[in-house]
Each structure stands twice: as structure tokens, then as C-alpha cells.
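Residue numbers (my numbering), protein chains in the order written: chain A, 45 to 302; chain G, 45 to 302; chain U, 45 to 302; chain E, 45 to 302; chain Z, 45 to 302; chain X, 45 to 302.
Number of protein chains: 6
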Amino acid sequence: MPRSTVFAAEMAWPDYQEQVKGGDVPILIPLGSMEQHGHHMPMHVDVLLPTEFARRAAEEVGGLVAPPFTYGYKSHQKSGGGNFFPGTTSLDGASLVNALKDVVKEFVRHGARNLCIVNGHFENSWFITEAIDLALRELDWADIHDVKFVVLSYWDFVDQASIEKLYPNGFHGWDIEHGGVLETSLMLRLHPELVSLQNAVEHAPATFPPYDVYPAKPDWTPASGTLSSPKEATAEKGDLLLEVCTKGIVKALQDEFS
Amino acid sequence: MPRSTVFAAEMAWPDYQEQVKGGDVPILIPLGSMEQHGHHMPMHVDVLLPTEFARRAAEEVGGLVAPPFTYGYKSHQKSGGGNFFPGTTSLDGASLVNALKDVVKEFVRHGARNLCIVNGHFENSWFITEAIDLALRELDWADIHDVKFVVLSYWDFVDQASIEKLYPNGFHGWDIEHGGVLETSLMLRLHPELVSLQNAVEHAPATFPPYDVYPAKPDWTPASGTLSSPKEATAEKGDLLLEVCTKGIVKALQDEFS
Amino acid sequence: MPRSTVFAAEMAWPDYQEQVKGGDVPILIPLGSMEQHGHHMPMHVDVLLPTEFARRAAEEVGGLVAPPFTYGYKSHQKSGGGNFFPGTTSLDGASLVNALKDVVKEFVRHGARNLCIVNGHFENSWFITEAIDLALRELDWADIHDVKFVVLSYWDFVDQASIEKLYPNGFHGWDIEHGGVLETSLMLRLHPELVSLQNAVEHAPATFPPYDVYPAKPDWTPASGTLSSPKEATAEKGDLLLEVCTKGIVKALQDEFS
Amino acid sequence: MPRSTVFAAEMAWPDYQEQVKGGDVPILIPLGSMEQHGHHMPMHVDVLLPTEFARRAAEEVGGLVAPPFTYGYKSHQKSGGGNFFPGTTSLDGASLVNALKDVVKEFVRHGARNLCIVNGHFENSWFITEAIDLALRELDWADIHDVKFVVLSYWDFVDQASIEKLYPNGFHGWDIEHGGVLETSLMLRLHPELVSLQNAVEHAPATFPPYDVYPAKPDWTPASGTLSSPKEATAEKGDLLLEVCTKGIVKALQDEFS
Amino acid sequence: MPRSTVFAAEMAWPDYQEQVKGGDVPILIPLGSMEQHGHHMPMHVDVLLPTEFARRAAEEVGGLVAPPFTYGYKSHQKSGGGNFFPGTTSLDGASLVNALKDVVKEFVRHGARNLCIVNGHFENSWFITEAIDLALRELDWADIHDVKFVVLSYWDFVDQASIEKLYPNGFHGWDIEHGGVLETSLMLRLHPELVSLQNAVEHAPATFPPYDVYPAKPDWTPASGTLSSPKEATAEKGDLLLEVCTKGIVKALQDEFS
Amino acid sequence: MPRSTVFAAEMAWPDYQEQVKGGDVPILIPLGSMEQHGHHMPMHVDVLLPTEFARRAAEEVGGLVAPPFTYGYKSHQKSGGGNFFPGTTSLDGASLVNALKDVVKEFVRHGARNLCIVNGHFENSWFITEAIDLALRELDWADIHDVKFVVLSYWDFVDQASIEKLYPNGFHGWDIEHGGVLETSLMLRLHPELVSLQNAVEHAPATFPPYDVYPAKPDWTPASGTLSSPKEATAEKGDLLLEVCTKGIVKALQDEFS
């Protein structure tokens, strides 16, 4: 019998409990941000995309998707333009670490033993690591020793063959794929009504010196806020990305949680 | 010219900046929880409802709605059944305080000076108070002295006349309106597909002694998780609630932010 | 043989140990504040009153009274006039949570298993909840699983019959009983030398809109700092309150700790 | 006109404000502990004594005494016997630091500019230092730059001449004056009803190696909990101590706050 | 006149003050770790190397080198083998953030306005970012607005031409250069007595799936603890690295701090 | 077979593991500071000296020396001149507590059960106490109950006979031995190239009133930053100190860890 929803928060608690109590059903937690993504995209791209990947993977592996984290860590100049942009709305590192630690421990209390963090905002990465490490420590103190976490960022599943199709004129690294072809293609496929490609600003890929400065220097970031041009984005590329990343995420969950 | 959206995160940053930089446009931040709401309702009722009130109020006053907080403070036995229920997924007090403090300071950085917390989960209340107090302290240190906050829970705007219509057989207090007529009527009106009234469990209003015990005693809470029966809920009552609460919230914002 | 004192800190440690080590003797911890209580009462009302209720209950149930917390959480405008008053001297939420958490864990180290928080300051409530929750978590990590807490505020034991005697002209809710008939009557009975009823300011019961604003607006609070008039307070009403609340507290302890 | 009380919390707020708002009136904050003090003394010696010294000094210099801190930092083996004793009830360092930081900032908000910490528990010392340093930092952020603190422990004012009178058979250092002649003499003078000198255990002065071990080794501490014998304590010695210490404290306040 | 030392802690304070008070002299703070680096290298490689780069750069730009941080953030499986190795000795994220925040604020108190973090341990990166962001916030509260930070990891200055010389058989990315050619060549050049190349374990470059798991799976890491073979390391390659990285760091400091 | 080094971080991890895994080998952790030590000595005296004592003791007892903490708690006026001096670079109490707590837990993870903190900076003392207490608590939660700590400051092992040789003209207490005969003699013996005795400022021993003031009053401290004159320091006295303190430390470790 098909489940009516994979979104845990859309379920009544007895239905949720039925699925979670055994421990095997993976819980997928999308982590995003509210962050500027250029002139052509909305500020919750990093919430929408990991939530969709989590949904697709949950459908495949029989998992459940937790409510997304709607705010994330501060935007870094070289991967998100910098936190000085209006609209970018971020948490301190400790705030993110503690909130995520709390939430994963709650899912373990419900019975879950297989948890997956589906990250959509690069800057969250190390604070996820810390949150999971602290959660495992506290679970250990509570004599719970059988919890497994998979932590992933969806773009890491794009393989070389796909990169060549997505970036026929050369790929400049995931770092500067902020508001570029990757995210824009996915949004064009999933939420075209939220994309105004005509507002996208074309510019050369952002380049940075091999170090950081603080306070960030706004003139290092293209004025639009994107770090590479989204002009080559298409809904078809979005399809390709959805397929390759979902497939990779599903395989990861199957490999680690079975 | 009508705005295409009141949801800040659906906007591109230049459009957002245009509205926020002057300081007058109110930012409304919905605060919810992931919490069991009985056998007949999903676990994100406390996110959906304040987000909708925030949306309606923002339409009226020219405000913007920030992404909701999808997790909140621990469920209290006398107002949410207790945090021991499966599905209820909560933050420590400090985690909520710090995350909310961070977020409101970011909106102030963007230029906002009028902020409204639209609470949908009773237990969040005092941690909102603390977050706002700490944020005001830090803003003061940063020499920003003109920020105003309105903090509200939507049900506090239901007047006596409405209560009599909603509860013709007697009203037992907001405390035990957990999964009862208030929330169920609103959900029936706004998200009927997420309500299974047939699964609702009828029971007498929960009664508690005049003190709390910890660890909570599960047998103090009706087994369904609701604290009063939702059986008298109707979409029409939802309409009444939407009207009276929205009107009250709008008036509050107009009174305080003009 | 009667005990010479119920105040734990008045005992030498071997006598204390003798009583506590078995685990059954309840420890009652009064939580107060230093907070303005109008022109006619001192600022430690919220310490004196719960300490006295703790003492009376301890006498009845064979418990011990711990030293009171002399400072509490910030005064809220609608229940204490607001924290902007001179004299009101408050802790941040985290400070109160951590100090209380530490103290209750120490009593458990001594052997106590039945602890009661006797609250005299409304605003402490949710931070007590958090402190107890965190303490139980850490006790769980320490493999101590048999600790029980009763958390109470003394006024919650005033029953309807008493309310009618105390407020023959109508009761406006505990919220605004700040420096009003409740506290003043108790102080007149217990510490008349600290009350200057002639300095009390008569005013209509404070009314507030159904939301909060921050920074608080001083003109929302009556200039005296009280929220309802203490003019109808009498020592006789104090007797009534002492009787009904002590009886209720004693019953709670007997019900939960036996 | 004589003031009716020096205890700030015994005053109504308008009277308190009248005295504090100018900034010159010193606020004296007693810091104690709940700590075992041998078989012959109660566990709040460290609260009672600094409160009395604060009271006497406040009378002399026109200051006000704040409510005492009733709990303090963990008992150290070489100065308090060790925190493993039943009855000793202590705060973590951070809890004490934060609570004290909060409280002193509140007195500054009221207008006070001259604050004195009157310590009665040796182990509090460095956490007072940290609390004051953090408070000064935050006051600096708030653009308040004229606050002065005097931090003292009353026994540090005992001069050499007095030591010779108090300890005619030789003085072994303040470290081991835990429950010994110093504190017992003061208690005999001030609170004889709380002292049971007949229960005092005579033993040689405690000696310790020149290092600490953790976990503490209980057999390093005399079984009574005192570190030197109280047998030579007398109320007359208490008078001497009251005089010399009060005089010293008064001079310190006059020197620093005028 | 040549300075006798560039190490700030080797100077007496008046000499230090003379250099720092003007604000222009850069302070370089090496950040390392205690972390296993395979069978052939000691565990303070990440301290020794950034300290040496800091020293060389300080010589060139007239800067001063602060004492290194001898412990760093937890080793990540894909860049340091994982924190489960014996010997690896790490800090929680918050501990590193707070300690670094404290230290940089102290140098600013001394007068420094140009600070450079010279990182030698990849996993420190995001916690440095957070520490600097929090320090800038607090400096802002203290009305100090002219501090600049350069944050760098020395290996990021290795250019493509050098990579080709260092890795003639192909470069597999900095991620897995843990205990490999990069660090081993530098150590062979600088501290040959601490390297036992004969103990080095040859193995194929480590490969990892595109996600992380927690708890880490030890069998994902080569048993030696290195992630790529150090067998091709030579002191001559160390010379090349010293030259290219020092040059790059010097240029960064000159560009940003002049 | 002699070990090639006692410095843990100079070892490759398999060699380290071999020694540590059994639990008996003591780990000695030097704790220092970066603090002014007058005109004649460098600012890392408090790192160099405990590291040397740790090294010597480790040689004798078969222990290992961990990397030193290079920064410590704030300099106190009466024992270090005050934290207002340029060059003095200090941590907040909580930062030191947390970093030390983390590090000792890591050594326990490696297998160590006997740990010794070798303190070289008086002001660290109570924060070491707190760190160890918190670490023991967390180890207890992790079901590790057999860890022992020795905490010492090297100067506490100087006996009366040595004091008479070191200070033939009278000893004024360790408190004011900041940059005086003790530290200078040791540095003259161990690191003469870092001492410029000709720059030492002769002055009478510092005297302070029996209380502290905050903010510190710089004119209470001799302008040189030392608290007693180093003029009588000699390398021979350094030899004496090395001998008596090392002997004492070795005995402490043998007594407690065997």
C-alpha cells in the first residue's frame, strides 16, 4: 500500500510512530538557508532543492522527510557571495549546531536509528559535522550506540559525465556554482514560476585570491550576487541533475542503512 | 502595483532590499513546532497556522513574511500533551533563543525596524521573550536603538463574542485547546486534505492538578494526544477564527508600527 | 522527636545527611526574585512568600527547605510591570536555568529523590521547566533514573471558593495580581512591618492589549508598579491564602512522593 | 534622618530608586555558598557572615546591601573539605559567573556606579573576577564606562596583631580556616543558637601535599569536614573579628568610592 | 636595525608594545592541531608548518608571530583520516571558536589592526571563519571598526606549475594530501630528524564516496592514517613549497595590509 | 631501550599508541600563558617553565608530555600585574575551561588514565579545577570511572629550606613572584639567551591592599610589570629550583599514579 506522504510533519503521530518505531526507516532532514541567489532566483533555493532531493530519495528508500531547516550558516564570500548582502539571513555557528543536535536526538528518541542530513547550503557543512559529533556523544552518554548518520550535499553526486553535459564550455568548480547553472537548472525544472531568467546577470566566473579577508570586501563578489553565470541553465539540465543526484543519494542510503 | 508575493524568501534580493531598506515594512516571523496534534491532524499545525496568519496580516499592512521556524520548544503536558509523544520534535530553550536572536538581528541588518513574531506554539512564548530581550541588548551595543518588536500568539485575538460562537457548550481555556476546536477548525478551512476528522478521538476536556510533575506522567494526557475534543470543529468556525484573529493582528501592527 | 529546623542550611551536615540519604525526604527549593512590588511592599516579596509556603509544607510532610533563589527571571510587563523598573534585578534565562540545574543535581547527589520547586515569581515558570528537563537528562546520563520533581507556584492552589472570598468585587486573573490583594494580604499576615499600606496606590486593574511589545512601553504599566490595587488586602485574607495554598501543596507532595 | 533599612530588597522601589539613582551609594552584594562546615555549624555560614559584614559596612558608608547569593562555587578540598560532602550544594563555574554578571549589570541599570562584592566563600574568588571582567566588558559595549568594583573577602582584613590574639598557639593560614576559629567565633557572636560547639571535633590542622588530586580523596579531609579545630573559638574573638574586618572594609569602600 | 626575533612571545613587553602600538605591524597567528600524520611523521606537523610559514612571512613583511594554537578541530575522515585515531587530540568547535576569538581581541587591545591567521590544519577552516566573525562583531560593539583579517591555509598558494613539479604522476587534490607529499616534503626540509620515511606506508590514494558517515568507518581510511603515499616526498620539493607558499603569503599580506 | 622523546606530539601515532593504550603511562599537560614578565624576560615564560618541568618529570616517571597550552587565563593584578598590559594575551575563563576539558577527554579516549596538569601561570588554577571537574563528570556519563588527575603548579614544591637559600633577605610570598627571582633564575638557567637581566627594573616588593578593584588601577603595579625585583636571580638558583621542584613533582606522580 503506498504511503500517502513522505513528509513526517504531514502525518498524524500514530502513523508516524508506526513507521519510525522499528528504527529502520531513514529520516531525511533537509538543511537550507535564507540566502540571496542573484537577481533571478528567490532566497529559499537552498531549502527547496534539498527538500526535493530528500523527498525523491525518501520515496525510493521508504524514508521520511523531516521539516527543513529554513535558516543556515553565514554565507561565505567565495561560495555564497558573502553575508553582507541584504536578504541573506543566517545563524551563528553555535545556534545551528545546537538546533540540529537537538532535532536529531529527538528523532532517535522516537526510535529512528538511520538519519540522513540532506544539505543544500555549502556553508552548513562543518557545523553539521559538529552537530552530529555532539549528538553522537550525548547519545553515547544515554547508552544509545546504534545510530548511523549519512551526511551529504546533493551536488556532490554529480559525476564527471554529467558535468561535461552541464558545462560544455568548461566547469569552474562547485564553489562558484552559487546561483549558477546547477541551482538555476534545478529551479527551472521544479519551480519555474520562481525564476526570472531574464533578470539573470551574465558575468565571467568569479575569481578570488587564495585566501579570505574579513570584513569581506564587497567588490570581490559580482554585484549580482551570483558567482557564475546562470545563462546556460535549462530545465533539461535540471532533469539530468535530478536524476543523477537522486540516484546517488538513494544508493548511498541503501549502502549505508541496509 | 500589487506585490507578487509577501513571502520574503520567494523574492530575489534586489526586490527584497527595495522593500526592506527603508525600515518601515514590517517583517513577520512565524514560529511553530513539530508536535503531535492528535490522531486527526498532522504535526506541523503550529507552522501552517501562524504562517497563514502572518501572510494575511502582511497582505493587509504591506509587510513581508520570513521563513517559519519549523521546530519549537518542548511540548508541555498541560498545553501540548507532553514532550514524550513520538513525533514531537523539539529544541532546547537555549537553541531556540539563540536561533531566533540571530535571525531578528539579520533582518535589522537589512534595514528592518518593525518586526513581529507570529507564534503558533504556546510553549515558545517565554523563549521568544528571552530571544527578543537578548537581541535588543546586542542591537543596543551596536548602537541601533530604534527597533520595535510585536510578539503575539494568534489565538489571543479571539474575543469573547467569538468564543461564545466557537464553544456554545462552554469554553475550557486556551491551555487545553491542543488539537481541539480552535486548531482543527482552522485546519479544516485551510488544509482540509491534512485533517482526518474521522480519526479524531472524542474525550472530556483534559484536567490537570494545579502543579507539574517531571518526568511527565503519560497517563495525565488523553491517549490521543489532544487535550480537548475536536469533534465540534468546522470549517465555518475556521472562517470566523481567520477573520477575528487576522483583524486583531492587523490592528496590533497598525497601532504599534505606524 | 520534633526536628529543630526544616531549613537544610541551618543544619550541620551529619544531621542533614541522616535525613536526606534515604531519598524519601522531599527537598523544597523556593524560587523568587528581586522585583519591585509597588510603593507599599518590599522587593523580596517573591522570596519571602514561597519560602514560607515551603516551610509550612515541609513541616507537614517531613521535608527540608533549601536556601531560596534570591534572584529570578526578568519581570514581564503583563505580570510584573516590566523589567525597566528601578530595583527589579533579574537574571538572563540561561543563567537561571543553569544555576537551578546545578542545584537540583547536587541534592540528588546527596541522596534526595523527591524534589519540589516552590515558585514565587511567575516569570520563572518556563525556565524552571527547562532546568528540570536538562537536569533529568544529565541524571539519566549518570544512570540515575528515579528522581521525581513537583513544580508549583503557590497561587495556583487558590480554589474558586477562596477567590470569591478574596475578591468579592470580581477577580481579574492571577496575571495582574502583581502587588495586589494576593501578595499584600500574605505579607500583611506574615511581615506586616514590611508593608506600608498607606503608600499603596489605588488604580483600576491594569489592562493590556492581546500582544507584547519590546522594548516595553512604560506607560502601559500603572506608574506605581502594581497591576491591581492592593487596597482590599487584609491579614485575614492572608490567613485564608496560607491555609488553602499550604493544604494544596501538602496534598500535591503527598500524592506525588508517596 | 536614619534610613530604616540597609537591605535593598526590604525597600519599596521608589525609596530604593531615590538612593540609587545618583550613582554614589555603594551596593554591597554578599556572595556565599551552601557548604558543610563541620559537625558544629550550619551550612549557610558563608551566607550569614558576609551578609553581616555587608550590613555593618553599609551602615557606615551609607550603602545598600543586595540579596545574598545563597549558592556558590564547588568546595575545594584544601579550603572547604571537598565537594563530595553531603550537604555541600554548589554551582558550576559558568553558572556563578553568569548569574553574578547579570545581577551587577542590573544594579548599574538602576544607576549604581560603585559596587562591592562581599565574599564569604573562598572558592568563589576567581569566578567573581571573571564575572566582573565580563560585566565590565558588556558595560563598555553599552557605553557605560564609569563603574567601579571593589571585590573583597572579609577575612583578608584581619591584621597581624589580631591574628596573634586569635591564634595564640600559632596560625596555620586562612586556607584551612574552614569551620575553624575564624568562622566559629563569628557565628558564636552573631548566631549562637546555630552553633553546637559540643559537637565540634577536635583535630590537628589539616595538612595537604603541594598538589591537588581529582577525584578528591576523602581521606585527605578530616572526617568532620573542618580543616582546623574550632575548639578555641569564642564570642569574644568574634567581636574582635567583627571590629577589625568591618573597619577594614569600611576603609576600602571610603578609599575607593569617594 | 634587524629585529632579534619575530616571535612575539620571545620579546619583552616594552619591545613588543613599541612594534604593535601603531597598528600597522601584522600579527600572524599559526593554527595547528595534534593529529596523527601516518607512521612516518610526528603529530605536530600542523603546528610546525604554519609556524614556519608565519615566521618566514613575518620576516618579509615586518610582522610578528603569535604563539601557535597547539590543538585544533576534530580530524575529518576525508581530510585527516578521522578523529578516531589514537593520538589525534582535538577541540570541540565552540572551544576553538571561543579561544581564537579571545586571542585576536587581545591583540587588537594591544593596538594591532592587521591580523593574519596562518592555518595548518584543514578542519580548522570554518571555525576560524566563525571566530573572526564573532570577534569583529564584538569589536564593533566596542567601537573598533578598523581591524582587518587575512585568513589563509598555506597550501592554497601552491600554483599549478608547482603542482606539476610536485606530483609528476598526477595530483589527487589537497583533500587527501594528509601525510602525503606536501607535508612530508616540507618536514623533510625543515625537520628531517622528525621524519622516518622508511616507516612510511605506500598505498594508493584514498578514495571516498561522495558523502560522510558518522560514526566514521575506520576501514574507509588507509590503516596507516595517511590519505596518499608520501613516498615521492623529497626535501627539494620542500624547498619548492616553502618558496611558492611564502611568496604567496607575503603578497597577500602586502596587498591587504598596505 | 630509551625512548627517543617524551614529547607526545613528536611521536608517530603507532609509537604513541603503544605507550598510551595500557593506561598507566602518565600524560603531563603544561598550561601556560602569554603574559608580560617585565622588561627583562619574554612573554612565554609561563609556557617554557612548566614544559621543562613536565619534560623532566616525564623522563623520570616514564610519562609523556602533551603540547602546552600557549594561552591562559587573564593576568591578575596582584599575581601578574594585571591584564591591561600590552602583550598579555589571555583567554576568557570559559574558553580555557572548555579547551582543557576537551583535551583531557581526548587523552582518555586514547587510553590514558593518569593525567597531570603542570601549571605555569597562577591565574589558571581555578579554571583548571573546573575543567577537570567537568571532564570527570562527562567521563562518568561515558561510563569511564578510573581516571585520575594530579594538578600542580611547579613553585608549590619549593620547600622552606630552598626558600631560605633563594631569598636570603626575606621571602614575600609566591603571589608577587611575578618576573622575580623564581622565574628569572629558572630562565637564566634554561634560556639565558631570552633574558636581559640588564633591563630588569629594581623595585621594592609590590604591596597591595587586602582587596581588588576593577577596572584595575595601573598605578598599583610597578611600571615594569614585575611584582618583585629579579636582581637577585642567578642560574645557580635556577639549578636549585629545577632540582627541588622536579623532585617534588616526580614524587607526587609516583605517589598518586602507582
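Just so you know, even glycine gets a beta-carbon here, dropped at the ideal spot from N, CA and C.
Between the CA atoms of residue j and residue i - distance to the nearest angstrom
{"i": "G76 of chain Z", "j": "W199 of chain G", "result": "54 Å"}
{"i": "E237 of chain E", "j": "H165 of chain E", "result": "22 Å"}
{"i": "Q242 of chain G", "j": "D146 of chain A", "result": "33 Å"}
{"i": "Y255 of chain X", "j": "G292 of chain E", "result": "10 Å"}
{"i": "G106 of chain U", "j": "D299 of chain U", "result": "14 Å"}
{"i": "N158 of chain E", "j": "Y117 of chain E", "result": "24 Å"}
{"i": "R100 of chain G", "j": "T290 of chain G", "result": "7 Å"}
{"i": "K209 of chain A", "j": "V225 of chain A", "result": "11 Å"}
{"i": "A279 of chain Z", "j": "G282 of chain A", "result": "48 Å"}
{"i": "V91 of chain A", "j": "E79 of chain A", "result": "10 Å"}
{"i": "G66 of chain E", "j": "T265 of chain U", "result": "24 Å"}
{"i": "H81 of chain G", "j": "G223 of chain G", "result": "5 Å"}
{"i": "P94 of chain U", "j": "L234 of chain U", "result": "12 Å"}
{"i": "I172 of chain E", "j": "L144 of chain E", "result": "7 Å"}
{"i": "T228 of chain X", "j": "A205 of chain X", "result": "19 Å"}
{"i": "V109 of chain Z", "j": "I71 of chain Z", "result": "6 Å"}
Candidates the options: closest to residue i by CA position
{"i": "F129 of chain A", "options": "A:R99, A:H83, A:G67, A:G217", "result": "A:H83"}
{"i": "K149 of chain Z", "options": "Z:K192, Z:V162, Z:T114, Z:G125", "result": "Z:K192"}
{"i": "V69 of chain E", "options": "E:M85, E:H81, E:T95, E:A52", "result": "E:A52"}
{"i": "S119 of chain G", "options": "G:G137, G:E167, G:E246, G:I172", "result": "G:E167"}
{"i": "N213 of chain X", "options": "X:L234, X:S273, X:V152, X:P74", "result": "X:S273"}
{"i": "W170 of chain G", "options": "U:K209, U:Y115, U:S123, U:F252", "result": "U:S123"}
{"i": "P86 of chain E", "options": "E:L230, E:E287, E:L285, E:P262", "result": "E:L230"}
{"i": "A175 of chain Z", "options": "Z:V195, Z:A186, Z:Y211", "result": "Z:V195"}
{"i": "L284 of chain Z", "options": "Z:F201, Z:W185, Z:P112, Z:F113", "result": "Z:F201"}
{"i": "E276 of chain X", "options": "X:V245, X:Y258, X:F301", "result": "X:V245"}
{"i": "L232 of chain X", "options": "X:A179, X:D184, X:V89, X:K261", "result": "X:V89"}
{"i": "P112 of chain U", "options": "U:C160, U:D136, U:A156, U:A138", "result": "U:C160"}
Endpoints, the alpha helix (DSSP H) within which residue i is located
{"i": "S48 of chain A", "result": "Element bounds for S48 of chain A: n/a, residue is neither H nor E."}
{"i": "V294 of chain X", "result": "279–301"}
{"i": "Y303 of chain U", "result": "Nothing in the structure corresponds to residue 303 of chain U, since chain U is present only between 45 and 302."}
{"i": "D256 of chain X", "result": "It is not in any alpha helix (DSSP H) - D256 of chain X instead sits in the beta strand (DSSP E) that spans 256–258."}
Range covered by the beta strand (DSSP E) that runs through residue i
{"i": "P94 of chain G", "result": "Note, P94 of chain G: premise wrong, no beta strand (DSSP E); alpha helix (DSSP H) at 89–105."}
{"i": "K192 of chain A", "result": "192–197"}
{"i": "N243 of chain X", "result": "No beta strand (DSSP E) holds N243 of chain X; DSSP gives it neither H nor E."}
{"i": "N163 of chain U", "result": "158–163"}
Any chain D beta carbon closer than 8 Å to residue i
{"i": "P266 of chain A", "result": "Among the chains of the structure shown, chain D does not appear; the protein chains present are A, G, U, E, Z and X."}
| message | Closer than 7 Å between beta carbons: that is the criterion. Which residues of the segment 155–187 of chain Z meet it against chain G? | response | D184, W185
| message | Does the contact criterion of 3 or more C-beta pairs under 8 Å hold for the segment 293–301 of chain Z versus the segment 46–66 of chain X? | response | no
| Below 8 Å, can you find three or more Cβ-Cβ pairs linking the segment 129–142 of chain G to the segment 55–69 of chain A? | yes
| field | Contact list for the segment 96–130 of chain A against chain G, Cβ threshold 9 Å | value | A110, P111, P112, F113, T114, Y115, N127, F128, F129, P130
| request: Please list the residues of the segment 70–89 of chain U that have a C-beta atom closer than 8 Å to any C-beta atom in chain E, keeping them in chain order. | output: M78, Q80, H81, G82, H83, H84, M85, P86, M87, H88
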